[in-house]
Structures are given as C-alpha cells and as structure tokens.
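Data first, discussion second: the structure below is written as structure tokens.
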DNA sequence: CCAGAAATTCTACACGGTGTCAATTTTCAC
DNA sequence: GTGAAAATTGACACCGTGTAGAATTTCTGG
C-alpha cells in the first residue's frame, strides 16, 4: 500500500516525478472545482496532468490518495499560516484578527477545505487531517475565551465546550458562505465575530 | 427518468409494491448504518429487501433515488413534528423547548440526518430537501431572537444573519455529537442553548 | 561517452458495480 | 377465468478501478 514514493524525498536535483506530482495535485484541484469529487475520474486527472492512467498509479495508489495528498498540502499551508501569525493578548483584538485570518484562508483555499470537510467521513486520513486542524482552532478559541473571563473546564457552559461549538459554527457558516461570494463570506464573518464576542461576554 | 412510480400513489388497497418500497427504504437505512453510503451497493439493498437488483430498478431509478426517498421520508417526519409542536411566546422557554425537541430528533434520526448533510453537495435533490429544512429552523430561530429584542433585518448583526449562524452551529455540533453518545449530545445541546441565550441577550 | 540501474511511462487485462431490456411470472379487476 | 397491469427475473453492455509486465527514458559512475 505504501510501496509508492520510496525514499524519493531527499534529492539534490528535483526529479521529473516531483513536477508530475505537483501537476497531478494541481489538476486534481482544478477538476474538483468544476466536476466535483465523484464526477472526477482518475483518467481525467491523468489526462489533465499529461500522462496516462497507468502512469498516475506510479505516483498515487488511488484517487483517494491523490485527494488526501491535496488536502495534506493545503492543510499544512494552514498550519504554517497559523503558526506564523502574531498572537494578541487583548481578547477583542485577538478575535478580530482570528476572524480576518480565517476569511483569508477560506478565500484562498475554500474549495479544498470544503472537500476536506465533505470527505472527512468517508476517507479516514482526511478525517484525521481535518479534525487535527479543527483542534488547533478549538484550542485557540478556548484560550481567548478564558482570557476573556470564561471559566475554563469541559462542562457544557465552560470554555472548552463553548469553543467547540463556536468552531463548528464558524466552519459551517464559512463552508456555506464561501460557496456564494466574497461579500457573503465577509458578512458571515462579521456575524460569527459578533456571536463570539457576545459569548465571551465582551459586549460593552 | 421519472417513468417510475407512475400514478401508483392513489390506491384503495395497498399494492404489494408499497410494501416492497418500504422494505427497500428500511434496508437502505440499515445498510447505511454499518456500511456507509459508498460501500453500500444496489445489490446489497436488493438482497436485504428480498428481491433482485433488476426488481429494485422497477421502484427506483438508481441508488441515489433510493437515498433521496429515504431522506424525504425522514425529513417529512421532521416537518410534521415541527408543525405540531406548541410555540411558546416566552423566549427562554421557547429556546429550551426547541433544543429539547432537536435532541430528540437527532436521537431518533441522527443517521439519516447525517447522511442527508453529507450528500447535500453531491445530490441536488437532497441538498434541496435539507436546505428547506434548515430554512424552517432559521425562520424559527429568527422569530425567537426578534421576540428577545434583537433588531430584525439581514445585516450581519441582525436577527436573520445571527439565526443562520446559530442554525449552522447547532447542525454541526449535533452532527458530531450524535456520532458519539446520547450523553455527548445532551451536553452539546446545553452548550448550544447557552450560546443561543447569550446571543439573544437573555443572560440575566 | 557508455553500460547498468533506477525512474518513469505505457498498454492490456481482470474485476466489480451500474443501469437497461425483453421476456416471464404474479396479481388484480371485471 | 381472462386479459391487463404490476412485479420480477436474468442476461447484457458499459464504465471506472486497480494491477502487471514490458518498454522507454533518465540518471550515475567509470
């Protein structure tokens, strides 16, 4: 199952295959956009990448593996971005910045994030990736809530549980809004920010 | 495409086919539970219902149509329940009752509701059904918010937009919690209720 | 530059699930 | 009972998947 990409990772010069691999993922992303996961066939991806079906199976073991790799690529980008973003102490500002950053993430990667969510159930690896990503968000939200004075703990009305619900609210709201337009997304963000602020008791 | 079930609907006596149709949907629901949508094959459903693949195609045009019918059956049940539930004027009580009812719905029909959500993207008819259901909820939440003094309107911080975000929060939170246990679902409900109350400004 | 090895690509094949069809059997109304 | 409508069947064609072995290209050290 994992006999693919043996140890091709560390290489001085970039092998031809690395290019192909990227081409495959790019094509996959493009096809996902206007055909959707189910309609997209392995043949389509191969053709778009300029190779044959057979050749594609040299790089990935299945259609699922391709999408897993695509999601992994995008998700690593998210983690990267989260790590390098300044953390603010002041709750109100922290919330505003978090929401702004999230809007940008969805504007750039909405498509892949949506498919990640859709496939979380059926493709275990993607479920893993996405739930880990969600945990990062939940942890961050929890921290802000606690700094704002919400009691910490895991009971229904304490910070941790609230953070989880708020995270799902944001995920789902952005999921829908990002399918519409940037304006819709911006408005949805404002609404979520407002609810978050209110829940944190920051409605002066 | 719709040459199936011609006008078999209105009938004095119950035709044999009506039984089969129900058997098919029941089997589909059962299979969905421990195989999932993708793994479940038309042959499986037919076998479970005690007929051949060919016979199943007499009732439904495809696997998708079967699931659409199943979702429709469940969703009509939801609408029924919503309609016959007493509407309370007092916001706090209205919210408590709504959440309690929602917990019951997810306890009874969690599986089908989750698949409905999962297939909303890929199966247009299901998307239609589910978004209509969501609209009912959003309308109800909006009404409660307005009665609680939230300004009505569609701007980001007004009742309509907030109701939408709260609806998605509940949907997603319940989606996840209902996969765990009844206790988890109850806790999740309490958290959502708390956030809803806070957002409505009812935190006395 | 060249030979062998590794990487890459191709074609052909077997398998499984889908949806269709014409033929057949069962059920129902009169 | 009989003829029409309902229900069921098995066989078939199609398409997408994943595999295998052979062929080709690219890299590497001498």
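Protein chains in written order, with the working numbering: chain A, 1214 to 1417; chain B, 1214 to 1417. Beta carbons are placed, not taken as given, at the ideal position from N, Cα and C, and that holds for glycine. Since we're looking at a predicted model, the values are computed, not measured.
Tell me which same chain residues have a C-beta within less than 6 Å of the C-beta of residue i, skipping the five on either side of it?
i, result
"residue 1261/B", "1240"
"residue 1309/A", "none"
"residue 1292/A", "none"
"residue 1315/A", "none"
"residue 1329/B", "1284, 1339 and 1343"
"residue 1364/A", "1371"
Go ahead and label residue i buried or exposed: buried means 16 or more other beta carbons lie within 10 angstroms of its beta carbon, across all protein chains shown.
i, result
"residue 1267/B", "exposed"
"residue 1287/B", "buried"
"residue 1304/A", "buried"
"residue 1341/A", "exposed"
"residue 1385/A", "buried"
"residue 1345/B", "exposed"
"residue 1234/A", "buried"
"residue 1275/A", "exposed"
"residue 1302/B", "exposed"
"residue 1393/A", "exposed"
"residue 1214/B", "Its pLDDT being 36, under 50, residue 1214/B is placed unreliably in this model, and the value from its coordinates should be taken loosely. By the neighbour-count rule (16 or more Cβ atoms within 10 Å), residue 1214/B is not buried but exposed."
"residue 1355/B", "buried"
"residue 1401/A", "buried"
"residue 1307/B", "buried"
"residue 1322/A", "buried"
"residue 1319/B", "buried"
"residue 1390/A", "buried"
"residue 1232/B", "exposed"
"residue 1298/A", "exposed"
"residue 1396/B", "exposed"
"residue 1406/B", "buried"
"residue 1332/A", "buried"
"residue 1229/A", "exposed"
Give me the Cβ distance between residue i and residue j, rounded to the nearest whole Å; I'm assuming they're in contact under 8 Å.
i, j, result
"residue 1312/B", "residue 1378/A", "That belief does not hold up - the Cβ atoms of residue 1312/B and residue 1378/A are roughly 12 Å apart, past 8 Å."
"residue 1347/B", "residue 1415/B", "Actually they are not in contact, since the Cβ atoms of residue 1347/B and residue 1415/B sit about 23 Å apart, beyond 8 Å."
"residue 1427/B", "residue 1338/B", "In the structure as shown, chain B starts at 1214 and stops at 1417, and residue 1427/B therefore has no counterpart that could be examined."
"residue 1369/A", "residue 1404/B", "5 Å"
"residue 1351/B", "residue 1376/B", "5 Å"
"residue 1246/B", "residue 1263/B", "Not really, about 19 Å apart at Cβ, beyond 8 Å."
"residue 1250/A", "residue 1327/A", "No, residue 1250/A and residue 1327/A are not in contact; Cβ-Cβ is about 10 Å, not under 8 Å."
Looking only at its own chain, which residues have a Cβ that is under 8 Å from the Cβ of residue i, when we skip the five neighbours before and after it?
i, result
"residue 1366/B", "1372 and 1373"
"residue 1238/A", "1279, 1282, 1283 and 1286"
"residue 1399/B", "1316"
"residue 1248/B", "1257"
"residue 1334/B", "1340"
"residue 1410/A", "1305, 1308 and 1416"
"residue 1349/A", "1292 and 1295"
"residue 1290/A", "1322"
"residue 1273/A", "1217, 1237, 1279 and 1282"
"residue 1242/A", "1283, 1324 and 1325"
"residue 1222/B", "Here residue 1222/B scores only 37 on pLDDT, less than 50, and its place in the model should not be relied on; the value that follows carries that caveat. No residues qualify anywhere along the chain."
"residue 1380/A", "1347, 1350, 1351 and 1354"
"residue 1336/B", "1277, 1280 and 1281"
"residue 1300/A", "1307"
Ordered along the chain, which non-local residues of its own chain (more than five positions away) have a Cβ less than 7 Å from that of residue i?
i, result
"residue 1259/A", "1265, 1266, 1268 and 1269"
"residue 1358/A", "1372, 1375, 1376 and 1413"
"residue 1244/B", "1253, 1257, 1258 and 1261"
"residue 1419/A", "Because chain A is modelled from 1214 through 1417, residue 1419/A falls outside the range shown and cannot be assessed."
"residue 1271/A", "none"
Cβ of residue i versus every heavy atom of the ligand GTP: is any distance shorter than 8 Å?
i, result
"residue 1258/A", "In the structure on display, the ligand GTP does not appear, and there are no ligands present to speak of."
| Of all the residues that make up the stretch 1317 to 1333 of chain A, which are near chain B by a beta-carbon distance shorter than 7 Å? | 1331
| field | chain A contacts made by the stretch 1340 to 1357 of chain B, where a contact means CB separation under 7 Å | value | none
| task | Could you name the residues of the stretch 1256 to 1285 of chain B whose beta carbon sits closer than 7 Å to any beta carbon of chain A, in the order they occur along the chain? | result | none
| field | Members of the stretch 1402 to 1413 of chain B near chain A, C-beta cut-off 7 Å | value | 1403, 1404, 1405, 1407, 1408, 1411 and 1412
| query | Just by C-beta distance, which residues in the stretch 1240 to 1256 of chain B are closer than 8 Å to chain A? | reply | 1249, 1250 and 1251
| Taking Cβ-Cβ distances below 7 Å as the criterion, which residues of the stretch 1288 to 1321 of chain B are in contact with chain A? | none
| query | Using a Cβ cut-off of 7 Å, which residues of the stretch 1358 to 1373 of chain A contact any Cβ in chain B, in chain order? | reply | 1369 and 1370
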